[in-house]
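Quick notes on the structure that follows.
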Amino acid sequence: MQHYRKIDDALYWVGANDRRLSLFENVHPLRHGVSYNAYLLLDEKTVLFDTADWAVGRQFIDNVTALLDGRDLDYLVLNHVEPDHAASLGEVLLRWPQVKLISTAKAIQFLDQFGFRLSPEQVETVKEGDERSFGAHTVTFLSAPMVHWPEVMVTFDKTSGVLFSADAFGTFRALDGKLFADEFDFERDFLEEARRYYANIVGKFGPQVQSLLKKVSGLDIRFICPLHGPVWRKDAGWFVDKYVRWSAYEPEERGVVVVYASMYGGTEQAAEALCAKLAQRGVVNTRLYDVSTVHVSDLISDIFKYSHLALASVTYNMGLFPPMHALLEDMKALNLQNRVCALVENGSWAIRSGALMTEALSELKNMTLLEPKVTLTSALAPDSDAQLDALADALAASVNQ
Ligand code: FEO
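Read in the numbering used here, the sequence shown has 124 at position 123, and its numbers run on one by one without any break.
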């Protein structure tokens, strides 16, 4: 049974939702599912923009088939060929074997690597600034490398002002019949998942996102149609501003994320005491997380959001506690930068966690390390209170700057 939504006079959303997938990319937990968006333009020519993950292929194909209503599919524009968007290509080719694929040369290479053996007659490669007319609608193609794979392009429909933005402006969370961002309370229902999607999927590529934002800033955009999540037709500037901040690694809010790694509770107590001391100093925009129980994608998301980060970690086998090590590695992999950090180290013997966290943070750009560091030798001790007071003073002064 088909399920589609009309966007503009000739453009339809023909995507589908997956609420069964537990891990996006087999890494990031999905608590509310995800949508795979594809769009169909019914002009003199029929044009499909992207496909969908194979898990929802049946629904996607039903949607396209119903709207085509017996017409052939003339073109398939592939903005991004990661399998969550291109895996249904095989089924599209079976149903509409005469369809002509339009994409970048790199995308065609990747499709071949994924096992799609396409003949030269099936493919039109395009590059930055190329245009195609499908009847009333003329589109132009803009390259968007590393947003978030190297082959990515975005497509702008100059006639209707539609930007097919690939992964840019995408979010986790399935759609529920509503499609447009203004049909939801986006800030309440989607912003957390949009940030978690951005930080973990696209976060590494801030400069490339900025380059794309600059490239599209002069376009008269009426609709932003991403490959995941709601379509924007109103107040898109609010969401674009989030992208401007995230891609510049600028925090959205002044506040402190406190992440602790604790085996027997000593480091946890120190982290809680630090939060209490921050609250006593009026710093209440804080988040306290156990690195062992909160998924790293959530930690990364909040670290992108807040201006300050306090890490408290036990020493483990003379190294860092593995989940804390994984968090720091992920921060590095995602190019996280421009944060003010505070440290609490702990160890019953050969305390190493402070030095190792300092070393890891020094490998990130523009990270400011506050003094003093707090040192525990197993649990809170008589001198811990003064140490934590000093660190809370430094954090509060920095947050309130
Ligand atoms: Fe939603 Fe980069 O794929």
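All residues carry an ideal CB built from backbone N, CA and C; glycine is no exception. If you're wondering where the values come from, they're calculated on a predicted model, not measured in any experiment.
Assumed close pair residue i, residue j - CB separation to whole angstroms, cut-off 8 Å
i: LEU396; j: VAL284; result: 7 Å
i: SER89; j: PHE117; result: At roughly 11 Å, the Cβ-Cβ gap does not stay under 8 Å, so SER89 and PHE117 are not in contact.
i: LEU41; j: VAL65; result: 6 Å
i: LEU392; j: LEU275; result: 6 Å
i: PHE50; j: VAL82; result: That pair is no contact at about 13 Å.
i: TYR307; j: PRO252; result: 6 Å
i: HIS33; j: GLU194; result: 7 Å
i: THR268; j: LEU279; result: Incorrect: roughly 17 Å between the Cβ atoms, too far for contact.
i: LEU74; j: THR47; result: 5 Å
i: LEU228; j: ALA167; result: 6 Å
i: LEU328; j: VAL375; result: Rounded, the Cβ-Cβ distance is 19 Å, inconsistent with contact.
Span of the beta strand (DSSP E), counted from its first residue to its last, around residue i
i: ALA17; result: 17-19
i: ASP291; result: 287-291
i: LYS101; result: 101-104
i: SER363; result: Per DSSP, SER363 belongs to no beta strand (DSSP E); it is in the alpha helix (DSSP H), 354-363.
i: LEU377; result: 375-377
i: VAL203; result: Run containing VAL203: none; DSSP gives neither H nor E here.
i: ILE222; result: ILE222 -> no beta strand (DSSP E), and no H or E assigned at all.
i: LEU77; result: 76-78
Range of the contiguous alpha helix (DSSP H) that encloses residue i
i: ARG246; result: 237-248
i: ASN64; result: 58-69
i: LEU90; result: 90-96
i: LEU392; result: 385-400
i: ALA87; result: 84-87
i: VAL232; result: Premise fails: VAL232 is in no alpha helix (DSSP H) and is neither H nor E.
i: LEU213; result: 207-217
i: PHE187; result: 187-190
Sequence ranges, beta strand (DSSP E) only - wholly within the region 115-166, length at least 3: 124-126, 132-134, 139-144, 154-158, 163-165
Beta carbon nearer than 7 Å to a non-hydrogen atom of the ligand FEO: HIS81, GLU83, ASP85, HIS86, HIS149, TRP150, ASP168, GLY171, ILE202, LEU228, HIS229
Runs of 3 residues minimum, wholly inside the region 258-327: which ones carry the beta strand (DSSP E) assignment? 287-291, 307-317
Any chance the region 120-137 sits against the region 190-198, with 3 or more Cβ pairs inside 8 Å? no
Within the region 5-48, ranges of the beta strand (DSSP E) (whole runs, at least 3 residues): 12-14, 17-19, 35-37, 40-43
Please determine if the region 160-176 and the region 87-103 are in contact, where contact requires at least 3 C-beta pairs separated by less than 8 Å. no
Can at least three beta-carbon pairs, one atom from the region 247-260 and one from the region 201-220, be found at a separation below 8 Å? yes
For the region 157-169 against the region 221-229, are there 3 or more C-beta pairs whose distance is under 8 Å? yes
On the three-pair Cβ rule with 8 Å, is the region 361-380 touching the region 331-350? yes
Taking only runs of the beta strand (DSSP E) that begin and end inside the region 327-354, which ones reach a length of at least 3 residues, in chain order? 341-347
Taking three-plus beta-carbon pairs below 8 Å as touching, is the region 349-356 in contact with the region 303-323? yes
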